Amino acid sequence: MVHVRDRHWAEEIADEILKQGRGPHEISTGISPSGEIHIGNLREVITADVVYRVLKERGVEVTLDYVADNFDPLRKVYPFLDASVYTGHIGKPLSEFPCPCGGHPSYAAHFLEPFLASLERLRIKVKVHFADQMYKSGLLVPQIIQALRGRDAIARILHECTGRHVEPEWSPFNPICGTCGRMTGTLVAGFSERDKTVDYTCPCGGRGTVSMRGGGKLTWRVDWPARWARLPVTIEPFGKDHATRGGSYDTGALICREVFKAPPPFPVTYEWISFKGKGELKKSKGNILSVHRMLEVVPPEILRYMIVKTRPMRSIGFDPGLPLLALVDEFDDAASRGRDPRALQLAGADQFTPVGVPFRHLVNVVQMADFDLDQAVVILKRNNYPVADAAALKERAGYAIRWLREFAPPEVKFSVERTLPAAASGLDGGQRAFLARLASALRPGMNGEAIHALVYDLAKEAGLEKATAAFEAIYLAFLGQPKGPRAGWFLAFLERDFTIARLREAGRAAA
RNA sequence: GGGCCGUUAGCUCAGCUGGUAGAGCAGCUGACUCUUAAUCAGCGGGUCGGAGGUUCGAAUCCUCCACGGCUCACCA
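Here the working numbering is used: position 265 in the first sequence is 250, and no number is missing along the way.
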C-alpha cells in the first residue's frame, strides 16, 4: 500500500484555526532587524504565508502582516559592528541611530530594506507595520495604559509562569531617556492617563517626562500581546524559543487575556533552520546567511519549497554547498514528475519556468563559457539542449555563477588555463602520444559526441589501458587538474586553434 | 531540570485518521567505445531505537525507558 500524503501541514493548521472561528483572521509575523535577516527567520514569514494562502483558498477573510520591530533597543555590539561607533548606541531603539553603511535612514532600515525586497521576490505580500510608527502614532497608547495599570497583574503572571520575581520598581514600560537616548535601565516614576505621559529616571542621571506616543516601548513580553490585542492578531507563528512552557507565548497569552482583555492568537511554532556544517544561525554571533544573499544563489521558489515541504516543527538542515544542488534537483525532479504537487503549488512553483537544463550541468556550462551567459546559451544549443526561453535560462545560469562564487566546493570548480599548466609535465608517454594524436584528429565541425567517441578510439590506439588516463591527460593539459567537465563537449566548445596548439604542446615528449 | 522534535534500507528521508514497509542517492548486474553525482534496464537490501499495553491486526494509538538534536531557565 502506497501512502501518499494528501494533507499538507498547512491544511491541518487551517483546519484547527477554522475550528476556532471563521475570521476575519490576521496572521502576524515579526522579526527584529538587529542584524541581517537570515534564512532561519525566513521560515517565519514563509510559514505564515503558506497558512495565509491556504486560508485564502478556502475563502476565509485573512490578512498577512509583518511587524518590523525596529523600536527594539540594540542589545550589544554584534561582531559585525564597529565597536567604537556602536557601543554608544547600545540601549537605543534600532530606528533611532545610524546604519553601518550610511545609506539608510536608520540602523533598522539598513537590514530591513533588503529583507523586504526579498519578500517581494518570494512572492510574499505582507502589510508592513513599523514598530516605531506603531508607537509614535499613538496606536498602542490604550495598551500602554492598560499595561501600566495592570503592572501588578503582569508581575503576578510573570511570576506564576516563570518563577521570576520582578523588582519593586519594575514596569512593563521602558521610557526612552531624553538625555542619553537609551531605554535600558530607565525607571518609571509615574504616569498620567490624561496627558498620556510617563515620568522616568535614568541611570545616566537624566529624568523627565515622555509621551506614550513614541516616548518608550513596552517590554518584550508585554509588547507582543499588546500587538495581538491591538491589531488584532488571530494567528501568530513563532520560533520554538518562544514556545517553551513559561515562555513568552505562555505569558503573552495570559497577559493578552487578563490585561488587554483580548483572546490570544492561534500559535504556530516552528523549528529553526540550522546551517549545516557551519554551526547554527545566530545573528548575535555574526554567523548568518542573509535571505538577500541566499536569493542570489537559489531561485525563490526553491527556497520556498525547502520550507514548505517540511512540517514547521521539524528541523531543517541547510547546507549551501553541494547539497544545495540536490535541493535544486529535487525541486526540478518533483516539478517535472508531478511529485509532491501540493508543496510545489504552495511554493509558488506554478509560475516557475522550467529551463530544461539540470542545474548541476549549468554549473559546468557557465564555467566552460568563462561566466559569459551568452556563450553559455551557445554551448547549450550546440549540445542540443532545448533553449526555449533564453532569458529564463540565463537567469538560472546567473544563479549557477553566483553559487560557484559563493558556495561551491573546490572539486566542482575549474577554469581553462591560458598557458600549459605545470601539472601537465607529469603526463606519461602514453598520455602524450594520445594528446598528439588527438591534435591531429580533430576536424572542424566535430561536435561533442564525435570528439567524445574520438577520445576512446585514440586512447586505445595510443596504448592507454583505460580511457580514464586519456581523460586525465586532457584535463591536466587544459585545466591543470585531473578531472573536469565532459571532455568531448568541453573540447568542442574551446576555440579549435587554441585546442590543437595546447594538445600539441602538452603532447610533446618530456625533455 | 523544564519544553519540543527526532530515532524506518549504507546515506537523506517519506509513510503516523492502524491492514505483514517505500522513494532518491549509494551498492551490485547488464547495455551504450561513455567520467565529470552521465543515460537506460534490472537486482539485492530494513527484528521500522528498546520494553510493555490496546487490538483479529501496530512503523502507525497509549505507557515507560534509552540515545541524539535543539530550546528555555538573564534579556528580548
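Virtual Cβ for every residue (Gly too), placed ideally from N, Cα, C. Owing to the predicted nature of the structure, the values given are computational and were not obtained by experimental measurement.
Helix, strand or coil for residue i? Go by DSSP, reduced to three states.
i      : result
A354   : coil
V282   : helix
T229   : coil
G224   : strand
T254   : strand
P395   : helix
H10    : strand
T48    : strand
A435   : helix
P564   : Only positions -14 to 496 of the chain appear in this structure, which leaves residue 564 out of reach.
H(-12) : Residue placement at H(-12) is flagged as unreliable, the pLDDT there being 33, under the threshold of 50; a coordinate-derived value is accordingly withheld.
I109   : coil
F483   : helix
S275   : strand
S410   : helix
G15    : strand
F456   : helix
F260   : strand
L488   : helix
What span of residues does the alpha helix (DSSP H) with residue i cover, start to end?
i    : result
H95  : Y92 to R106
G415 : G414 to A426
F478 : A472 to F478
C146 : R136 to T147
R493 : Element bounds for R493: n/a, residue is neither H nor E.
Q466 : Q466 -> no alpha helix (DSSP H), and no H or E assigned at all.
Tell me residue i's beta-bridge partners as DSSP assigns them.
i    : result
P160 : G201
T186 : L172 and R192
G73  : Beta-bridge pairing links G73 to no other residue.
Quick one: residues in its chain with C-beta nearer than 8 Å to the C-beta of residue i, no 5 flanking neighbours on either side, listed in chain order?
i    : result
K225 : T254, Y255, E256, W257 and M298
L143 : R149, V151, R206 and T236
T295 : I301
D0   : none
How long is the line joining the alpha carbons of residue i and residue j, rounded to whole angstroms?
i    : j     : result
P331 : I220  : The question names Pro, yet the displayed sequence has Leu at residue 331. Rounded to the nearest angstrom, the two C-alpha atoms are 19 Å apart.
Y63  : E21   : 11 Å
G44  : A(-5) : 15 Å
V397 : L312  : 17 Å
A458 : L101  : 50 Å
L405 : A319  : 43 Å
L347 : V372  : 12 Å
P395 : R242  : 56 Å
Leaving out five residues on either side along the sequence, give the residues of the same chain with a beta carbon under 6 Å from the beta carbon of residue i.
i    : result
I130 : E178
E281 : R387
Between which residues of its own chain and residue i is the CB-CB distance below 7 Å, once the five residues before and five after are set aside?
i    : result
R28  : Y255, I258 and I292
W155 : A140
A33  : I12, T14, L49 and P222
G231 : C146 and T147
R289 : I31, L107, A332 and G333
R215 : L124, L125 and Q128
On the DSSP letters alone, give me the boundaries of the beta strand (DSSP E) that residue i sits inside.
i     : result
H114  : K112 to F115
S196  : R192 to S196
G25   : Run containing G25: none in the beta strand (DSSP E); it sits in the alpha helix (DSSP H), I24 to E42.
I(-2) : It is not in any beta strand (DSSP E) - I(-2) instead sits in the alpha helix (DSSP H) that spans W(-6) to Q5.
F56   : Taken as a continuous stretch (DSSP letters only), F56 belongs to no beta strand (DSSP E), as it is neither H nor E.
F245  : It is not in any beta strand (DSSP E) - F245 carries neither H nor E in the DSSP assignment.
D303  : First, the residue type needs correcting, since residue 303 is Phe and not Asp in the sequence shown. Per DSSP, F303 belongs to the beta strand (DSSP E) from I301 to F303.
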